[in-house]
Each structure stands twice: as structure tokens, then as C-alpha cells.
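Taking it in order: structure first as C-alpha cells, then the write-up.
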Amino acid sequence: MTSDPSGTVALAFSGGLDTTVCVPLLKEEYGYDDVIGVTVDVGQPEKEFDEAAETAEALGLDHFVVDAKEEFADLCLQSVKANGTYQGYPLGTALARPVIANAILEVAEEEGCSALAHGCTGKGNDQLRFEAVWRTSDMDVIAPVRELGLTREWESEYAAEKGLPVEGGDGGRWSIDTNLWSRSVEGSELEDPAHVPGEEIYDWTQAPGSAETETLELTFEEGDVVALDGEELGAVELIEELNERAGAHGVGRSDIMEDRMLGLKVRENYEHPAATVLLNAHEALESLVLTQEERSFKQGIDQRWAEKGYEGLVDAPLTKDLEAFIEQTQTKVTGTVTVKLDGGQARPVGRDSEYAVYSESAASFNEEAVTDDIEQEDATGVAKYHGFQSRLANRVAENVAAKKAGKATDGGVVSEANGTSSEHGSDGGVASDDEK
Ligand code: ARG
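Heads up: the sequence shown begins at 460 in the working numbering, then just goes up one per residue.
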């Protein structure tokens, strides 16, 4: 609770139970004169905005809606350059939070608010992601649900007592978070990691196998997707269209155990058709144009980027440092990828780039030479050396083990001759001193 609450507080408002009960609580319990509700559009379904607007009206809440879809879509495509996944699923909620938090902060500044509030509990990631952004300002940050230790049950009773406009029951079986990039479903029976979910939890994806196989072509320029099947599309339209098309094939379902920032392990289900298509296609193009060492080094960079993304720290200095490397690698990620949509999969089946680090004649089984001045037999020396140090190390270890075993069985007498003669015998290609 703040020491001197006064003025107006800007509340991250979705119209759900948590944020609805926050409205009277911010006045009654915290003493604020006024509350404004801010809903940020990152691609939620229309009906969520209708519900938020209706609830706000019934509450007499001054309600602002901010469209941040473009900004969010750009961040999603930035995550593609980083092959951005956390524990195997594309980052969705995590990337949306800083965008939402920034949009609310802007409204709060324009409206002269003295505080910012969210309805997150003290168990999840979102409280951390929101506050990481909000604490860049001087405004007070308030988290009523966390600070007052509210449970859903208490909230429902309180809402009923106050006649607050919330849906009957628990307002839905699962807790669902939807944006352009992903739809997450958690709670209820899904909390049991052993429970096998039915088709009813999915909304964006059809059961795999329900549509005829199709292919699509994506055009990349320096890591950015610029066209789908040759047609230029903005980021938002691209993602929306791919969600539709790939969703029909059941592409992009994840059912995982996720480690939250505070250490809690939770069972999460996600749908992310467009993200899966774009991530798979992008990686396919990188595999064509980046060198082996760039690919392997970039995996570590990508992983760190995704961790920062998961933490909601897309503005951290480290994130920017990692992006400098990622951007440099993307200067070659230009070309096209053909993706086949089929049976829950988005499989890259063709790739083409002027930056391809690939020589068909060099790799071909039908060409004798590798290049004009490299013959196949030039590999003989390389093949002789390959694994040299490992063979040597294993041999040494065997000899030491043999000596120790000899000591144990011969009562401590080890024959020097035995030791050296075996080195000269089949030594697995490890030269002894006089052969150097
Ligand atoms: N566990 C994910 C994250 O922290 C998504 C949570 C989405 N929330 C929900 N109510 N389904 O990024």
C-alpha cells in the first residue's frame, strides 16, 4: 500500500474478475480518488473488447483502448530472427506484456495519473513483466490481488456483494490468454500434468489431418518476412493469415511443463500456428546461409534472447547486445522457403538464397573433385588426424587401467614390456614416440 495515495490510478483492465474487483478496491482500500481502465489490443478476439467495454460501463469506469497490434507484431517477427522459443514453445504472453505495460504507462502519463495497477497474483510471471516496465517511471505501482492476498473465491463473493458486473460462475473453465502470436490455456483439469486434454481446449487449430495438404512460400529479406506466396503483407496481416492457414492443419500445438521465473513448474497448453510456420521457415533459411560455426554460436545467443524475452526484459542492455549479433547474422538471411502444411506439421521442404553457403558440385556424389584445387584424396591426411587426441587419451586410460589391474592380480608386479609393446601393437593409430 502506498503512503500517500491520491489522484488517479491507471489499471491494466481486461474486464475479467481480477481486474474488475480491483476497481472498487483501489478506491476503498487504497484511497485513490479515481481509477481509469486501460485495455491494450495485442490481437485478442473482438469479444474480449466488447466484454471489457461492457464491464467498464457498468462499473462507471473511464475506459481507454489502445491499439498496439503493429508494435506487438513487429516484436513477434523480431523474435523469429532469434528463433525465439522458451522451453520449446514460441514466446507469446511474455512478449505481449512489455508492449501492454508501455501502452498503459503512456496513457497514465497523458492522463496525469499518480499510480499504475495490475490484477496479477503473486505466483505468475506477468507481475514481474509489467512492473519491470512501470518501475522506469516515478508512479506508484499497485498489485491489489497480490498485496491483499485475494483468492478467486473471495473475489467472486466480493463481486456478488457489491453487485459488480462479472459473469456468473467462474467466468469460464480455463484461464486463457490470447494475442496475435499465441493462445494459452491453463487451469482446471489441465493443472494435472497427467491429464490428456481433449480437442475442446483448442480454438485456433483443427485436429491434425482434417485438411488437405498444402504448401506455401515465404520470402525473407535480412531475416524479415516480406511476402507470403509472393504477396507483400504487413506483419499483423501475415500473422493473422498464417494462423488461419496453418491452424486448419493443426500446426502449432504445445503441451508442456513450463518453469516460471519464480521457480513454479506449471502445465501449459498453447496454440501458435503462425509462429511455428515462421520459426521453422526462418531456421531452414538460416541453415542454408549461415556457416556451421555461426549456427552453433547463434543457438546460444538465441537461447539467451528467449530467456530475456520470457522475463519481459526486451529492453535490457544484454537483450540489445544479443540483438546486435543477431542483426549481423540476418544480413544474409534473404531468400525463400517452401513450407508444407500437413498433419499438424509445418515442414520446410524447399529453400533458396543467393547467400547459400552451398556448392552443389562440391557436395555431389557424381563429381570426382571437390573444387578445382581440392581432390577427394586430400581428405586422407585429415582423416588420419581426425580423432587423434581422443584415441591417444583412451589408450593412455586403458594402459593405466591395465597397469592397476596388473598390480591387483600380480600382487603389485607390472611388466614394463607389456605396457610398451601394446602401444606398438594395434595402437588405434596413435603413434608412439619413435614414430613421430
Ligand atoms: N505461462 C505463460 C507465460 O508466463 C503464459 C501464461 C498465460 N496466462 C494464462 N492465463 N493462460 O508466459
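Quick reminder that beta carbons are idealized off the backbone N, C-alpha and C, glycines included. From a predicted model like this one, the values you see are computed outputs, not experimental measurements.
heavy atom of ligand 1 below 6 Å from residue i C-beta
i           : result
residue 552 : yes
residue 473 : no
residue 492 : no
residue 641 : no
residue 820 : no
residue 634 : yes
residue 645 : yes
residue 727 : yes
residue 702 : no
residue 542 : no
residue 561 : no
residue 638 : no
residue 739 : no
residue 584 : yes
Delimiting residues of the beta strand (DSSP E) encompassing residue i
i           : result
residue 727 : 724 to 730
residue 785 : It is not in any beta strand (DSSP E) - residue 785 instead sits in the alpha helix (DSSP H) that spans 776 to 789.
residue 634 : 634 to 637
residue 680 : 673 to 680
residue 794 : 794 to 801
residue 712 : 712 to 718
residue 467 : 467 to 471
residue 498 : 493 to 500
residue 526 : 521 to 526
residue 574 : 574 to 576
residue 649 : Segment: none, residue 649 is in no beta strand (DSSP E) and carries neither H nor E.
residue 809 : 804 to 811
residue 815 : That residue, residue 815, is in no beta strand (DSSP E); it is neither H nor E in DSSP.
Residues near residue i in its chain [Cβ-Cβ closer than 6 Å; skip 5 each side]
i           : result
residue 623 : 479
residue 470 : 481, 494, 496, 576
residue 464 : 489, 490, 491
residue 629 : In this prediction, residue 629 has a pLDDT of 46, which is less than 50 and means its spatial position is unreliable; what the coordinates show is noted afterwards. Around residue 629: no qualifying Cβ.
residue 713 : 548, 729
residue 534 : 554
residue 668 : 802
residue 773 : 557
residue 789 : 540, 681, 682
Close beta carbons around residue i, own chain, < 7 Å, minus the five adjacent residues each side
i           : result
residue 593 : 560, 564, 575, 600
residue 801 : 672, 708
residue 525 : 497, 499, 500, 562, 566
residue 740 : 677, 796, 798, 807
residue 670 : 707, 708
residue 542 : 738, 741, 742, 761
residue 736 : 701, 705, 710, 798, 805
residue 893 : Confidence at residue 893 is low in this model, with a pLDDT of 45, below 50, so the placement of that residue should be treated as unreliable; the coordinate-derived value is given next. Nothing meets the Cβ criterion.
Bounding residues of the alpha helix (DSSP H) (the contiguous stretch that carries residue i)
i           : result
residue 509 : 505 to 518
residue 480 : 476 to 487
residue 589 : 585 to 593
residue 559 : 552 to 569
residue 604 : 603 to 606
residue 752 : 751 to 770
residue 623 : No alpha helix (DSSP H) holds residue 623; DSSP gives it neither H nor E.
residue 695 : 694 to 706
residue 666 : Careful: residue 666 lies outside any alpha helix (DSSP H) and carries neither H nor E.
residue 841 : 838 to 844
residue 822 : 819 to 822
Contact set for residue i: own chain, Cβ-Cβ below 8 Å, skip 5 residues either direction
i           : result
residue 531 : 501, 502, 554, 555, 558, 638, 639, 640
residue 633 : 644, 645, 646, 647, 649, 660
residue 828 : 834, 835
residue 544 : 550, 738, 765
residue 874 : Because residue 874 carries a pLDDT of 48, less than 50, the predicted location of this residue cannot be relied on, and the following value inherits that uncertainty. Counting only Cβ-Cβ distances below 8 Å, and skipping sequence neighbours, we find 865.
residue 666 : 658, 709
residue 876 : Residue confidence for residue 876 is low, a pLDDT of 45 falling below 50, so the modelled location carries little weight and cannot support an answer.
residue 466 : 491, 492, 493, 571, 572, 573, 574
Cutoff 7 Å: residue i Cβ touching any chain C Cβ
i           : result
residue 654 : Absent from the structure: chain C. Only one protein chain is present.
Quiz item: Between the segment 786 to 804 and the segment 730 to 747, do at least 3 Cβ pairs fall closer than 8 Å?
Solution: The segment 730 to 747 and the segment 786 to 804 touch, with three or more beta-carbon pairs separated by less than 8 Å.
Quiz item: For the 8 Å Cβ check, are there 3 or more pairs between the segment 476 to 493 and the segment 611 to 625?
Solution: Yes: the two stretches touch, three or more of their Cβ pairs being nearer than 8 Å.
Quiz item: Is the number of C-beta pairs between the segment 713 to 720 and the segment 775 to 784 that are closer than 8 Å three or more?
Solution: The segment 713 to 720 is not in contact with the segment 775 to 784.
Exercise. Inspect the CB distances between the segment 691 to 700 and the segment 508 to 522 and report whether three or more fall short of 8 Å.
Key: The count of Cβ pairs closer than 8 Å, one atom from the segment 691 to 700 and one from the segment 508 to 522, stays below three, leaving the stretches out of contact.
Quiz item: Is it a yes or a no for the segment 638 to 657 touching the segment 727 to 734, going by three-plus beta-carbon pairs under 8 Å?
Solution: Contact between the segment 638 to 657 and the segment 727 to 734 is present: 3 or more CB-CB pairs across the two stretches fall below 8 Å.
Quiz item: Between the segment 748 to 761 and the segment 576 to 591, do three or more beta carbon pairs fall short of 8 Å?
Solution: Contact between the segment 748 to 761 and the segment 576 to 591 is absent, with fewer than three C-beta pairs closer than 8 Å.
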